[in-house]
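Chains as they are written, first to last, in this note's numbering: chain A, 1 to 425; chain B, 426 to 735.
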């Protein structure tokens with residue numbers, strides 16, 4: 001019996017490790033590639049510790065503009081969806097009972113409707129409205145930010161509504177009735193009783209709405225018009241050529257997320273600790289004592305360690321320069337490449353001798369040969385003399401590119417239905 | 426009569442100002458943002474693809490052209506059915522079902538474990554926190570991470586090469602391994618939480634009782650936990666299925682060159698083909714098919730709509 005328990009526990013721990021490895025591993029790998037010097041983000045081989053990708057990121061105009069647009073859209077979406085979500089949740093408690101199921105289905109549906117459908121329908125509908133009202137193209141109703149906010153709010157409001165419904169279930173309607181009996185107007189009762197009660201839910205709904213808006217791609221990709229958000233810019237970059245500055249951005253976002261989550265956890269724990277000890281809530285939320293704050297609060301300790309680590313990294317990045325290391329690696333690669341090229345040349349020579357006379361098979365053979373440099377980690381991107389090799393070896397400089405993107409995202413690939421398109425038109 | 430009564434009560438309860446405000450907000454959301462755009466898209470999908478000046482003119486009549494195109498292909502094509510688009514459509518749905526089932530299998534043990542150890546100290550909370558963090562990272566970046574890992578010179582290929590397990594890089598992208606891994610990854614949280622929420626409310630005595638009666642470990646799950654967790658499971662499956670079938674970013678970034686996702690075709694009609702009505706028609710087909718699949722699944726497993734989103 002005991003050994004069976006032990007086995008079960010072992011499997012459980014192993015499963016947890018694998019599961020969380022799957023969950024967190026990709027993020028970790030991506031973060032680390034931000035500090036590696038090759039221009040294609042990869043973990044192995046580790047070449048040089050570098051911070052240049054953060055500089056590249058900071059100088060990327062499109063990312064900066066995208067971020068601005070994202071913030072504007074996020075702000076609009078938060079306001080619109082929190083208001084609509086709250087109204088929707090309050091309506092759910094009051095609506096005519098026969099209508100309730102239908103109403104609930106309608107307002108919950110946007111969560112399940114594919115994002116592309118929402119984006120398309122928003123685009124088509126407002127385009128029509130614009131035409132019907134007699135506006136030309138480029139009118140307000142075709143403005144990317146306006147459309148994106150509406151399209152995103154359609155389903156983000158449903159998320160918000162779910163948050164509010166959960167909170168409203170714990171609301172004691174007696175409170176509102178008491179206020180009304182004591183002579184408060186409806187608006188007063190709403191503002192002084194219900195809103196304060198809903199405050200935590202409003203805060204979490206707002207955060208949720210902002211995050212959902214910030215990371216939305218499916219809907220935004222149809223509605224953004226001339227105002228691409230950060231996510232759209234990222235998608236363009238990732239589809240048509242990637243470099244580690246995206247990893248750098250990912251690293252920053254991951255850090256912010258982790259710090260945010262830990263800060264929330266610290267706050268929650270402090271409250272709970274205090275409540276367990278019977279202290280009034282105001283006592284904990286007000287004062288801030290470092291030693292006490294750290295005691296028995298692992299999340300706080302981790303948070304402090306992370307911020308310390310962050311500062312150290314920033315300081316280190318100011319003094320550290322990877323130039324020498326990069327030059328070093330480049331030199332090594334060049335030597336390695338030269339050796340390989342000589343190796344290949346020798347092999348080809350031998351092969352040509354062996355297959356002399358049967359010329360037709362020679363090109364086929366030579367095309368398989370250049371694969372061997374590809375086996376090495378770095379496909380020879382940096383070797384300066386890559387480009388002036390014979391035709392047979394042209395596969396060598398091309399292979400890293402192909403390897404990286406697999407040719408999937410070559411613009412030509414996407415036009416597969418192109419011919420049919422022409423036929424039908 | 427009833428409706429008039431309802432409105433009188435409603436305004437008495439909320440007051441004119443607040444009542445009107447709530448009503449306006451809800452009507453704006455439900456009618457202007459949800460219902461009208463969908464109807465407008467439906468209407469649009471039955472129209473010819475016309476240049477803007479001819480819109481509303483004599484040629485602007487209803488047609489089934491775009492639906493016919495999806496099923497039969499372009500007029501005068503070699504095949505009698507639109508093999509390409511229908512194939513992509515079928516493959517998308519199959520893949521979405523596959524990813525959903527995969528997610529369910531992966532997530533059920535975790536959800537069960539988390540729900541059972543709830544209150545067992547802070548570390549469960551940390552695990553939940555770890556679950557949520559990836560979900561807050563941008564969808565594009567998550568897909569990008571999988572590109573780094575599964576690429577030709579990605580982590581997995583490099584590792585396998587170093588250990589000499591393979592001679593040439595395996596093309597995970599072409600084999601769609603990266604795509605399925607990325608899609609499964611993207612919606613894990615949406616599978617775990619509904620199941621977790623339901624199992625959390627399961628009375629542990631039921632499990633104890635079953636165990637005392639001599640039920641085996643698998644039997645307990647099959648007869649006690651899973652029937653109880655059914656609303657959560659179907660809610661999670663519905664969300665994952667709909668989101669996977671409607672995913673666009675992951676297939677664009679991780680999809681192999683030979684396998685399109687149906688949403689990508691819709692995207693092409695809108696952004697490259699420039700044929701909006703056809704894109705709208707395809708979107709309608711996707712939406713209606715997904716809804717039919719989900720509703721019939723819910724009917725089969727006897728789950729109500731109200732359970733979704735809990």
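All C-beta atoms in this analysis are idealised placements derived from N, C-alpha and C, irrespective of residue type, glycine included.
Let me know the secondary structure DSSP gives residue 194 of chain A once reduced to three states.
-> Residue 194 of chain A falls in the helix class under three-state DSSP.
Starting from residue 226 of chain A and walking both ways along the alpha helix (DSSP H), at which residues does that stretch end?
-> Careful: residue 226 of chain A lies outside any alpha helix (DSSP H) and carries neither H nor E.
Note down, in chain order, every chain A residue with its Cβ under 8 Å from the Cβ of residue 688 of chain B.
-> At a beta-carbon threshold of 8 Å, the residues of chain A lying near residue 688 of chain B are 114, 116, 218, ordered along the chain.
From the beta carbon of residue 215 of chain A, is the nearest beta carbon of chain B less than 7 Å away?
-> By this cut-off, residue 215 of chain A is an interface position.
Compare the C-beta of residue 472 of chain B against all C-beta atoms of chain A and say whether one is closer than 7 Å.
-> Residue 472 of chain B does not count as touching chain A.
Residues bridged to residue 434 of chain B (per DSSP) | Note: residue 434 of chain B sits in no beta bridge, so no partner.
Identify the continuous alpha helix (DSSP H) that holds residue 160 of chain A and give its terminal residues.
-> That run of the alpha helix (DSSP H) goes 144-168.
State yes or no: is the beta carbon of residue 625 of chain B nearer than 7 Å to at least one beta carbon in chain A?
-> Closer than 7 Å: no.
For residue 665 of chain B, is the classification buried or exposed, using 16 other Cβ atoms within 10 angstroms of its Cβ as the cut-off for buried?
-> Per the 10 Å Cβ criterion, buried.
DSSP-derived helix/strand/coil call for residue 472 of chain B | Residue state for residue 472 of chain B is assigned as strand, using DSSP reduced to three classes.
Output the boundary residues of the alpha helix (DSSP H) element that contains residue 607 of chain B.
-> Per DSSP, residue 607 of chain B belongs to the alpha helix (DSSP H) from 602-611.
What are the partner residues of residue 240 of chain A, as DSSP defines its beta bridges?
-> Answer is none; residue 240 of chain A lacks a bridge partner.
What did DSSP end up calling residue 673 of chain B once you bin it into helix, strand or coil?
-> If DSSP states are grouped into helix, strand and coil, residue 673 of chain B belongs with coil.
C-alpha gap between residue 207 of chain A and residue 525 of chain B, whole angstroms | For residue 207 of chain A and residue 525 of chain B, the gap between their C-alpha atoms comes out near 28 Å.
Residues in the region 540-571 of chain B having any Cβ partner in chain A nearer than 8 Å = Of all residues in the region 540-571 of chain B, only 547, 550, 551, 552, 554, 555, 556, 557, 558, 559, 561, 562, 563, 564, 565, 566, 567, 568, 569, 570, 571 place a beta-carbon less than 8 Å from a beta-carbon of chain A.
8 Å Cβ cut-off: residues of chain A touching residue 465 of chain B = What residue 465 of chain B touches in chain A: 121, 124, 125, 128.
Alpha carbon of residue 737 of chain B to alpha carbon of residue 693 of chain B, nearest angstrom | Since the displayed chain B opens at 426 and closes at 735, residue 737 of chain B lies outside it and no answer follows.
Neighbourhood of residue 634 of chain B by C-beta, 6 Å cutoff - its chain only, sequence neighbours within 5 removed = When the five nearest sequence neighbours on each side are left out, no beta carbon in the same chain lies closer than 6 Å to the beta carbon of residue 634 of chain B.
When the distance is taken between beta carbons, is residue 711 of chain B closer than 7 Å to residue 408 of chain B?
-> Because chain B spans 426 through 735 in this model, residue 408 of chain B falls outside it and cannot be assessed.
Output the distance between the C-alpha atoms of residue 23 of chain A and residue 659 of chain B, rounded to the nearest integer angstrom.
-> One C-alpha to the other measures close to 23 Å.
Specify the secondary structure class of residue 700 of chain B as computed by DSSP and reduced to three states.
-> Correct three-state label for residue 700 of chain B: coil.
Checking contacts by CB at 7 Å: is residue 246 of chain A closer than that to chain B?
-> Under the 7 Å criterion on CB atoms, residue 246 of chain A is classed as interfacial with respect to chain B.
For residue 706 of chain B, which residues from the same chain have a beta carbon less than 6 Å from its beta carbon, with the 5 sequence-adjacent residues on both sides left out?
-> Leaving aside the five residues that flank residue 706 of chain B on each side, the residues in its chain whose CB is nearer than 6 Å to its CB run, in chain order, 470, 491, 492.
So what does DSSP say about residue 36 of chain A, is it helix, strand or coil?
-> Residue 36 of chain A falls in the strand class under three-state DSSP.
Cut-off 8 Å between Cβ atoms - residues of its own chain near residue 427 of chain A, not counting five sequence neighbours on either side | Past the edges of chain A, shown from 1 to 425, lies residue 427 of chain A, and the structure says nothing about it.
Inter-residue spacing [alpha-carbon to alpha-carbon] between residue 549 of chain B and residue 93 of chain A | Here the C-alpha atom of residue 549 of chain B lies approximately 34 Å from the C-alpha atom of residue 93 of chain A.
Could you spell out where the alpha helix (DSSP H) holding residue 488 of chain B opens and where it closes?
-> In the DSSP assignment, residue 488 of chain B falls outside any alpha helix (DSSP H), carrying neither H nor E.
Under the DSSP definition of a beta bridge, which residues are partnered with residue 92 of chain A?
-> According to DSSP, residue 92 of chain A bridges with nothing at all.
Counting only the same chain and skipping the five closest in sequence on each side, list residues whose C-beta sits under 8 Å from that of residue 522 of chain B.
-> Excluding positions up to five away in sequence, the list reads 666.
What residues from the region 154-175 of chain A come within 7 Å of chain B, judged by C-beta to C-beta, listed N to C?
-> Against chain B - using a Cβ distance shorter than 7 Å - the residues of the region 154-175 of chain A are 154, 157, 162.
Beta carbon of residue 107 of chain A, beta carbon of residue 119 of chain A: below 7 Å?
-> Contact: no.
Candidates A/228, A/105, A/189: closest to residue 72 of chain A by CA position = Considering only alpha carbons, the answer is A/228.
Would you call residue 247 of chain A buried or exposed, if buried means 16 or more other Cβ atoms sit within 10 Å of its Cβ?
-> Taking all protein chains in view, the Cβ of residue 247 of chain A is crowded by 16 or more other Cβ atoms within 10 Å, so the residue is classified as buried.
Identify whether residue 180 of chain A lies in helix, strand or coil by the three-state DSSP scheme.
-> Assigned with DSSP and collapsed to three states, residue 180 of chain A falls in helix.
Could you check what DSSP says for residue 19 of chain A in three-state terms: helix, strand or coil?
-> In this structure, residue 19 of chain A counts as helix in the three-state DSSP scheme.
Which whole-angstrom value is the C-beta distance of residue 677 of chain B and residue 62 of chain A, which I expect to be below 8 Å?
-> Not quite, the Cβ-Cβ distance comes to about 18 Å (not below 8 Å), so this is no contact.
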